[in-house]
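All remarks here apply to the structure that follows.
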Amino acid sequence: MSEVNLNVMLIGKTQISQKFAEKLAAEAKREVVEDIAEEKEAQAIALTAIRTCYSANKPTEIVVKEGDKYFGRSATDGEVGTEADRLIRHIMRSKHTSTIEHLTYNFAVEGLSRSALSQLTRHRFFSFSVQSQRYVKFGSDDRTGGFDYVMPPSVLGTPNSFLSKQLFKRAMKNAQESYDKLRERGVPAEDARFVLPNAAACNIVMTGNLRAILDFYSKRKKGRGAQWEIADLADQIRAEVIEADPWTEQFFEEV
Numbered sequence: 001m002s003e004v005n006l007n008v009m010l011i012g013k014t015q016i017s018q019k020f021a022e023k024l025a026a027e028a029k030r031e032v033v034e035d036i037a038e039e040k041e042a043q044a045i046a047l048t049a050i051r052t053c054y055s056a057n058k059p060t061e062i063v064v065k066e067g068d069k070y071f072g073r074s075a076t077d078g079e080v081g082t083e084a085d086r087l088i089r090h091i092m093r094s095k096h097t098s099t100i101e102h103l104t105y106n107f108a109v110e111g112l113s114r115s116a117l118s119q120l121t122r123h124r125f126f127s128f129s130v131q132s133q134r135y136v137k138f139g140s141d142d143r144t145g146g147f148d149y150v151m152p153p154s155v156l157g158t159p160n161s162f163l164s165k166q167l168f169k170r171a172m173k174n175a176q177e178s179y180d181k182l183r184e185r186g187v188p189a190e191d192a193r194f195v196l197p198n199a200a201a202c203n204i205v206m207t208g209n210l211r212a213i214l215d216f217y218s219k220r221k222k223g224r225g226a227q228w229e230i231a232d233l234a235d236q237i238r239a240e241v242i243e244a245d246p247w248t249e250q251f252f253e254e255v
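Its first residue numbered 1, the sequence shown is counted upward by one per residue in full-length UniProt numbering.
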């Protein structure tokens, strides 16, 4: 049993398929293929979705036939980036955000409290796979070595923080001892878990599309009244998406 900190890592995201990449390599201008390599792949998918709504071209033709216009020219709205950036900005600001639901991101979330998990699952259009307290055993002698827990920073911000911290840690220890004793008496793990606290940490694989992620961030970012832990989660998710797709940063700033 130990205190843990939240950690979020992007483990996957939407990319163009090998078949589509081969089509682009064979039919699109070399400059277009180079422009969308790696960090612009998500933009190419977004462009395909957006222009499908307005173009006479087929979805598989849009980047091939229109890619030079959008990726090869500077933005005409006076802002940064290319015409692809301008088009996505226009779509975002006009609230036609269904077109960015095609971009998905997969995260490993480690060390989130069950308290924050209950807040997280209120958000729709995310998919979750959560570490089970039924099938994973959290006894002191089990492989986990007991349950890990999250301590709120406010515990250390009290007038006598040392005593507050000791009180909190004692509550965690008591919960662990109760869990262990129930297991020793033959209570199955799925029922012994009822004594585990909201502070108990869990691991999650979480997937969301860009629209859902931006909506989540707008409601849970710091300064919007969100509790500290889920605000930290929102910040870490934002950082992971921006690192993978730098062009998304402006949209996090605007929500």
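For each residue, glycine too, the CB sits at the ideal point set by N, CA and C.
- By the criterion of a C-beta distance shorter than 6 Å, H123 is surrounded in its chain by F216, once the five residues flanking it on both sides are discounted.
- Excluding five sequence positions before and after A28, the CB atoms of its chain that fall closer than 7 Å to its own CB belong to V63, V64, G67, given in chain order.
- The three-state secondary structure of V4, taken from DSSP, is coil.
- Following the DSSP letters along the chain, one finds M206 in no alpha helix (DSSP H) but inside the beta strand (DSSP E) bounded by residues 201-209.
- Where S113 is concerned, there is no enclosing alpha helix (DSSP H), although the beta strand (DSSP E) around it starts and stops at 104-113.
- Listed in chain order, the beta strand (DSSP E) elements of length 3 or more contained wholly in the segment 81-159 are 104-113, 126-130.
- A direct Cα-to-Cα measurement between I100 and Y135 gives close to 36 Å.
- Taking the CA atoms as reference points, S154 sits about 18 Å from S2.
- DSSP places I11 in the strand class (E or B) of the three-state scheme.
- In this structure, R73 places its C-beta atom within 8 Å of the C-beta atom of T82.
- Residue environment analysis places R183 among the buried positions, since at least 16 neighbouring C-beta atoms fall within 10 angstroms of its C-beta.
- It is roughly 5 Å from the alpha-carbon of S127 to the alpha-carbon of T207.
- Across the set G12, Q133, F162, K40, the C-alpha of Q133 shows the shortest separation from the C-alpha of A201.
- Counting C-beta atoms within 10 angstroms of its own C-beta, L163 has fewer than 16 neighbours from the protein chains shown and is therefore classed as exposed.
- Per the C-alpha coordinates, the member of R211, V195, E243, K137 positioned closest to F125 is R211.
- The DSSP-derived three-state label of S178 is helix.
- Residue pairing from DSSP leaves S164 without any beta-bridge partner.
- Membership of T48 in the alpha helix (DSSP H) is indicated by the continuous run 41-52.
- Judged by DSSP secondary structure, P59 falls within the alpha helix (DSSP H) whose first and last residues are 59-71.
- Residue range 249-254 is occupied by the alpha helix (DSSP H) that includes F252.
- Contact between S129 and V205 holds, since their C-beta atoms are separated by about 4 Å, short of 8 Å.
- Shown here for V4: same chain residues with a beta carbon closer than 6 Å to its own, the five before and five after excluded, namely G111, D148, A201 in chain order.
- With contacts defined by Cβ atoms closer than 8 Å, T14 and L103 form a contacting pair.
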